[in-house]
């Protein structure tokens, strides 16, 4: 016996391990529609159905946001199937054994029927019809409409929301992992509301089925009771009507609970919130509202003939609540203790000579809420995200951004400074959001037309409530804090070399000395002074080359320094050592690299100029070469590739400086900077 029990338990464990619990439950529910059920089983099943509906409703009320209950559509389907299976099983029992009396279908159905009917079958039918109308016409129909509209708006806004996530990631506001989690959340939200749109039809069909089953059981019971069992019409009507109404109510009450659960879930906001706390805060925590309600109830309570005591009691309760809330709001906050200041002016010292901040952000007075965390400002966390991203990408600590207000700026204006010198400025609207035109949109927007301060794209400042509408038309919508953060990130990337100095270089050397002390000892100051080392790293950063592989750079410099102390030559040696990293950042894992080259006559002219020590170009030649480079670079960008110009080693520094500001997307590489594992395909010749 023990061996058989052990074998049975082992098989059950295998079934559970295979994940067959849900299929077996579904098959059991479907079997209830075919297999006859005893009254005892029906009592247990109906009680379990009511308990399940209560648990689901409470779970929906207590969940923080709809996506936290992502399995709700499936749970709704299973609960609906369970109710229908019980309706079929109870109808079979009612029609087969209803002639035996009201107890034939179990105590649950009998109790519900007698409690509601109360001796009048007409009252029972009316109550059942009212419950069904409330469920079908009010709760279910409203929840179905909300689900349909929510699913449509979520799906229409999906492309714009994904583009906004990409923009936040490019601006440094999100890491790759956070962006991936946001995209997954957006997709899950779209799937959830799409499923809820279809799942709402289950409740609608369940309500219709309840009405039809009621009339079918009454008519069928009268026919079976009088024709097959010889009951008189009054007895058959009493027995079958009682059982049918009890059966319908036992099924309709859980159906109403599930309908309310669906309505509560689809009418909630997508963000996390405690629904009970939110309702209390937004409805019952306003003293003015409670005060007005108290006055109205008091006036009604003074009218003769009205239930004065009830109205006056409620008026007093509302008035007391309004008084307590008003008193709490009027309580003054604790004032900080200020230390007494001396009226005698302090003497000037060197502490009064403040150095210029490496990075600064000045804002007008209307933009102060964006940078004040106490007022819900989001700009400070965004800027920290930008610094974190740039620090990880470039390989050194980007200095903090000093933010201050400037009354000389326009109220909506801001200005970004580098070492005290203004770099760029712009104007934004803190109470609106910026809808960017990515080049293909499906309509126009009402708002304030402008241009994106970072890239010069056409844009419109729209009201915050029109965000989803703008995204559905194909616009990329960002808030005001993101506009400033993106502008700051772009400018810092362009001028990153100016933020790198002696202190940063020494910190990098100190960190490298922990793992390679001999390398650092032989490099600085034996092989080269710190100033040359700083110049080399600044040259790499100016050409958007990360210095995070500091050991590779240091080894290349230690090898090349005995031959030359020229920072340009040393930068070229470091670039050759970092060639795999440079090409990887440009071309990814693609083995073939498409490049532009110089036509032979133009290359010969440039090399002769360098050989004679005269790197200046004739203005007409420089203009024609620049025009040709712009044309070829735009053609490469339109095909989705980073434009690359491949030139001899001697020409690379000159052409890199020539194109750095005017053609920022163009990357200039030397022949010896191409790794052996990459194939080169010439896409065009400049100056041909």
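Numbering (the working numbering), first residue to last: 22 to 709.
For glycine and all other residues, C-beta sits at the position ideal for the given N, C-alpha and C.
Residue 521 sits close to residue 559, with the two beta carbons spaced by under 9 Å. Buried is the label assigned to residue 549, since at least 16 other Cβ atoms lie within 10 Å of its Cβ.
At the C-beta level, residue 270 and residue 152 come within 9 Å of one another. The residues 390, in chain order, have a CB closer than 8 Å to that of residue 397 in the same chain once the five nearest residues on each side in sequence are set aside. Counting every other CB atom within 10 Å of its CB across the protein chains shown gives residue 554 a total of 16 or more, marking it as buried. Under the Cβ criterion (8 Å, minimum of three pairs), the stretch 427-440 counts as touching the stretch 378-386.
Residue environment analysis places residue 273 among the buried positions, since at least 16 neighbouring C-beta atoms fall within 10 angstroms of its C-beta. One thing to note: residue 461 has its Cβ within 9 Å of the Cβ of residue 495. Look at residue 500 here: in three-state DSSP terms it is strand.
Around the beta carbon of residue 217, 16 or more other beta carbons lie within 10 angstroms, which makes this residue buried.
According to DSSP, residue 435 shares a beta bridge with 384 and 447. In the structure shown, the three-state DSSP call for residue 469 is strand. Contact check for residue 161 against residue 280 passes: the beta carbons are separated by less than 9 Å. Annotated as distal: residue 701 and residue 671, with beta-carbon spacing of 9 Å or more. By the neighbour-count definition (other C-beta atoms within 10 Å, threshold 16), residue 589 is an exposed residue. Annotated as proximal: residue 688 and residue 665, with beta-carbon spacing under 9 Å. Taking C-beta atoms under 8 Å as the contact rule, residue 114 and residue 68 fail to qualify, at a distance of about 16 Å. Under the 10 Å beta carbon count, residue 499 is surrounded by 16 or more other beta carbons and is classified as buried. DSSP places residue 655 in the uninterrupted alpha helix (DSSP H) bounded by 640-659. For residue 164, the closest of 52, 282, 77 and 199 by C-alpha to C-alpha distance is 282.
If you draw a 10 Å sphere on the C-beta of residue 556, you find 16 or more other C-beta atoms in it, and that means buried. Rounded to the nearest angstrom, the gap between the Cα atoms of residue 334 and residue 312 is 14 Å.
Proximity to residue 571 across 321, 537, 118 and 222 peaks at 537, based on C-alpha coordinates. The residue among 174, 203, 146 and 411 with its C-alpha nearest the C-alpha of residue 186 is 203.
The DSSP-derived three-state label of residue 66 is helix. Along the stretch 604-631, the beta strand (DSSP E) occurs as fully enclosed runs of 3 or more residues at 613-619, listed in sequence order. Taking C-alpha positions only, residue 639 is separated from residue 611 by approximately 38 Å. In this structure, residue 260 sits away from residue 251, with a CB-CB distance that is not shorter than 9 Å. Inter-segment contact for the stretch 57-77 and the stretch 93-104 is present: three or more beta-carbon pairs are separated by less than 8 Å. Proximity to residue 653 across 104, 644, 705 and 686 peaks at 705, based on C-alpha coordinates. Counting C-beta pairs with one atom in each stretch, the stretch 416-431 and the stretch 469-476 have fewer than three that are closer than 8 Å, which means they do not touch. As computed with DSSP, residue 691 is found in a beta bridge with 668. In the DSSP assignment, residue 408 falls within the alpha helix (DSSP H) that extends over 400-415. Annotation for residue 102: 50 place their beta carbon closer than 6 Å to its own, counting only its chain and skipping 5 residues before and after. A residue is called buried when at least 16 other Cβ atoms come within 10 angstroms of its Cβ; residue 532 does not meet this threshold and is exposed. Under the three-state reduction of DSSP, residue 250 is assigned to coil, being neither helix nor strand.
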